[in-house]
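One structure is given below, encoded as structure tokens.
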Amino acid sequence: MAFKIYTKTGDKGLTGLIGGTRIPKFDIRIEAYGTVDELNSHIGLMRDQDIDEKSREVLIEIQDRLFTIGSLLAADPEKNKMVLPQISEKDIELLEKEIDEMNEHLPEMKSFVLPGGHTTVSFCHIARCVCRRAERCVLRLNEEHPVNELTYKYLNRLSDYLFVLSRKLVIDHNAIETPWKPRM
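Every number in this note's numbering is 204 more than the matching position in the sequence shown, counting from 1.
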């Protein structure tokens, strides 16, 4: 017999956490891991673009880490008995290493830049914005239910990585980086 994707258990507006607890689908915990899932999909879209193999491999690693974050956020901290993968300082250090390597080949920033210049660059900026939203959701969840600080630290560093990647992609695609020139 084929596996059915629908269970009908969420038809009344509740969903289950790892550990069995049922909570409303609008709960901040669901908002947090749902936004991380959205971010993961945007990273997948980035990976499908015309980008270098090294960046593609890093994005696959990031997607793996985002699944880890999603599973940690989807677990009831009091009732879950499953052993789940964890985020570590090494995950954050990888992002920092990649940021530093890309920055070595980028022109110095003299102003803010307008998102865009090439479709791939724009996808990267959208992922960056979703990452910032995911970070805000996790921090809001942390106010009610403590979250491992490496989770939001990783998301913070990931948004930095995505910004620097967007600048690298401008160069890779011979696009124009448009500086923001505020009108005073």
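Positions of the beta carbon are idealized from the N, C-alpha and C atoms, including for glycine. As the structure is a computational prediction, the values presented were derived from the model and not from experiment.
Simplified DSSP state of Val317, which is helix, strand or coil: Indexing the sequence shown from 1 puts residue 317 at position 113. Here Val317 sits in strand by DSSP.
Coarse secondary structure for Gly220, derived from DSSP in three states: Numbered from its first residue, the sequence shown carries residue 220 at position 16. In the structure shown, Gly220 sits in a strand (DSSP, three-state: E or B).
Segment contact, 8 angstroms Cβ cut-off, at least three pairs: the segment 369-385 with the segment 255-274: yes
Any beta strand (DSSP E) of 3 or more consecutive residues that is wholly inside the segment 322-361: none
Straight-line gap, Asn352 to Leu288 (C-alpha atoms, nearest Å): One-based indexing of the sequence shown puts residue 352 at position 148. One-based indexing of the sequence shown puts residue 288 at position 84. Approximately 13 angstroms, taken between the alpha carbons.
Rounded C-alpha distance that separates Gly224 from Asn284: Here residue 224 refers to the residue found at position 20 when the sequence shown is read from its first residue. Here residue 284 refers to the residue found at position 80 when the sequence shown is read from its first residue. Approximately 8 angstroms, taken between the alpha carbons.
Given 8 angstroms, three or more beta-carbon pairs between the segment 346-364 and the segment 291-305: Judged by Cβ distances under 8 angstroms, the segment 346-364 makes contact with the segment 291-305, as three or more pairs qualify.
Straight-line gap, Ser275 to Ser315 (C-alpha atoms, nearest Å): As a first step, residue 275 must be located in the sequence shown, where it is residue number 71. As a first step, residue 315 must be located in the sequence shown, where it is residue number 111. Going from the Cα of Ser275 to the Cα of Ser315 covers about 38 angstroms.
Outcome for Ser292 when other beta-carbon atoms lying within 10 angstroms are tallied against a minimum of 16: Locating residue 292 in the sequence shown gives position 88, where the first residue counts as 1. By the neighbour-count rule (16 or more Cβ atoms within 10 Å), Ser292 is not buried but exposed.
Chain B within 8 angstroms of Pro386, Cβ atoms only: In the structure shown, chain B cannot be found, because there is only a single protein chain.
8 angstroms Cβ cutoff met for Ala278 and Leu345: Position 74 of the sequence shown, counting from 1, holds the residue named residue 278. Position 141 of the sequence shown, counting from 1, holds the residue named residue 345. Their beta carbons are not under 8 angstroms apart, which means Ala278 does not touch Leu345 by this criterion.
Inter-residue Cα distance where the pair is Trp384 and Leu318: On the sequence shown, position 180 is the one that residue 384 refers to. On the sequence shown, position 114 is the one that residue 318 refers to. Cα to Cα, the separation comes out at about 6 angstroms.
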